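Student: Residue numbers (our numbering): -4 to 296.
Idealized CB from N, CA, C, for every residue including glycine.
Quantities reported herein were computed from a predicted structural model and do not represent experimental measurements.
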Amino acid sequence: MSKLIFTIIVLVSLNSSIFPQTEKYSTPTVWENYSVKDKNVTVQMPKPPVILQGGDVCRGEDTSTFSAYSDGVVYVLKVTSKIKVSEFCEGKRKFDEKNFAERVENLKIENKTAKFLENGNEIKFVDEDKTFKLVNDYENKRWFELQAFGATEAKAEVKNFLDSLKIEEKIGGKEIGKGASRNYGDENVSETENTNKSEENPSKGKNSEDKSIAENIKIIIKPRASYTDAARKANVQGAVRLRVTFLANGGIGSISTVSTLPYGLTEQAIAAASKMFFIPARKNEKPYSVVKTVEYHFSIY
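1) Return the residue from the list Arg277, Asn279, Arg177 that minimises the CA-CA distance to Ala264.
2) Is Lys42 near Ala63, with beta carbons less than 7 Å apart?
3) From the DSSP output, in three-state form, read off Ala276 for me.
4) Rounding to the nearest angstrom, what Cα-Cα distance links Ile274 and Ile104 in this structure?
5) Between which two residues does the alpha helix (DSSP H) carrying Ala267 extend?
6) Excluding the 5 residues flanking Lys110 on each side, which residues of the same chain have their C-beta closer than 6 Å to its C-beta?
7) From the DSSP secondary-structure annotation, give me the bridge partner or partners of Ser185.
8) Under 6 Å Cβ to Cβ from Ser221, same chain only, skipping five residues before and after it: list those, please.
9) Could you give the DSSP three-state label for Phe95: helix, strand or coil?
10) Thinking C-beta only, is Val184 closer than 7 Å to Ala243?
11) At what residues does the beta strand (DSSP E) containing Lys89 begin and finish?
12) Just list the residues that DSSP pairs Lys77 with in beta bridges.
13) Checking 7 Å against the spacing of the C-beta atoms, do Val38 and Leu157 come in under that value?
14) When you compare only the Cα positions, how much space is there between Asn135 and Asn279?
15) Going by beta carbon distance, what residues of the same chain come within less than 7 Å of Val297, once the five residues before and after it are set aside?
16) Please state whether DSSP places Ala143 in a helix, a strand or coil.
17) Return the chain-ordered list of same chain residues with a C-beta closer than 7 Å to the C-beta of Gln48, the five sequence neighbours on each side being excluded.
18) Let me confirm a value: Glu85 is counted as buried when at least 16 other C-beta atoms fall within 10 Å, else exposed. Which label applies?
19) So the beta strand (DSSP E) Asn28 belongs to, where does it begin and stop?
20) Out of curiosity, what's the CA-to-CA distance linking Thr190 and Val231?
21) Considering only C-alpha positions, which residue in the set Val69, Ser294, Ala151 is nearest to Arg219?
22) Under 8 Å by Cβ, that's how I've got Leu72 and Phe127 pegged, so tell me the actual separation to the nearest angstrom.
23) Quick check on DSSP: helix, strand or coil for Asp291?
24) One question on the structure: do Gly168 and Tyr29 come within less than 7 Å of each other, judged by their Cβ atoms?
25) From this set, Gly259, Gly246, Asp51, which residue's C-alpha is nearest Val45's C-alpha?
26) With respect to the beta strand (DSSP E) encompassing Glu148, which residues constitute its N-terminal and C-terminal limits?
27) Just the C-alpha distance for Glu152 and Asn211, rounded to the nearest angstrom, thanks.
28) According to the neighbour-count rule (16 or more other Cβ atoms, all chains shown, within 10 Å of its Cβ), is Ser81 buried or exposed?
29) Report the CB separation of Lys125 from Ala143 in whole angstroms; it is logged as a contact under 8 Å.
30) Could you give the distance in angstroms between the alpha-carbon of Thr261 and the alpha-carbon of Thr255?
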């Protein structure tokens, strides 16, 4: 069986630009309880979340990711559940308590500077600009991860989000359904003018007397682009290159093509790029929009 490898390379464009915060790229922040009925769980989100599916079939893991942006913070809920291990896996591993333990250990390695807290079946990682909370529900062969990027629990909305998870057979809340079609930013966000020409070194402009302080965007989630059956049958390989606008309001703006591939691969790349999540670039504590080149590589071997 052919193995499909999808590699996403985000390349920094040489120029940053200012783009209008048009209505179609934004939606109001309204904190509500959202439910995932097939998983009997509710969580507070600022907007209808984007849903991504993933996991590791060779470890018996299926992961659903729910993400939304609001006011400088990316909010994420991950639900990892037990599934049947694929018969095509060379190294098979059935889902057991070690799956959760290994996930915790991997997070320790990835977040070496974070403070580690453990309380019964709950584990928390606290860093200066992000907080993770894990809840082990092994009785139901699953665990939950609530992640907030861009702020800590000192921000009331972050604390409320982390404390909002409810696991019940009878749940209320607004049904997520298929989720949002793209990452929508905040409404009514004003941005600072970005005078820096190089996103690779935004803190240094042409004017040597410029004392402003700038921060690059921080990309939090980069979804994979799906390979289409038609492209697989035609043995199409290569890269789709896109110009993606990362708006000051935290949403994904216009997306244009630089290079394309047939059989639906370009459309898959655009769909994936529209669901990226990030913390906006800032200058003097005010956000601004930037454009980056994003590459999606499709290979069969």
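Tutor: Put simply:
1) Arg177
2) yes
3) strand
4) 23 Å
5) Segment 260 to 268, the alpha helix (DSSP H) holding Ala267.
6) If we look at Lys110 and ignore the five residues flanking it on each side, its Cβ neighbours are Val121.
7) Partner(s): none; Ser185 has no beta bridge.
8) The beta carbon of Ser221 sits closer than 6 Å to those of Gln263, all from its chain and outside the five residues before and after it, given in chain order.
9) helix
10) Yes; because the gap between Cβ atoms is below 7 Å, this pair is in contact.
11) Counting along the chain, Lys89 falls outside any beta strand (DSSP E), and DSSP gives it neither H nor E.
12) Looking at the DSSP assignment, Lys77 forms a beta bridge with Glu56.
13) no
14) Between the alpha carbons of Asn135 and Asn279 lies a gap of roughly 47 Å.
15) In the structure displayed, the chain extends from -4 to 296; residue 297 sits before or after that span and is not available.
16) strand
17) Ser59
18) Exposed is the call here.
19) From DSSP, the beta strand (DSSP E) with Asn28 extends over 27 to 31.
20) Below a pLDDT of 50, predicted positions are generally treated as unreliable, and Thr190, at 41, falls in that range; the measurement from the model is reported next regardless. It is roughly 41 Å from the alpha-carbon of Thr190 to the alpha-carbon of Val231.
21) Ser294
22) Their Cβ separation, rounded to whole angstroms, is 11 Å, which puts Leu72 and Phe127 out of contact at 8 Å.
23) The sequence shown places Tyr at residue 291, not Asp. In this structure, Tyr291 counts as strand in the three-state DSSP scheme.
24) yes
25) Among Gly259, Gly246, Asp51, the Cα nearest to that of Val45 is on Gly246.
26) Element bounds for Glu148: n/a, residue is neither H nor E.
27) 24 Å
28) exposed
29) Rounded to the nearest angstrom, the Cβ distance from Lys125 to Ala143 is 6 Å, consistent with a contact under 8 Å.
30) 6 Å
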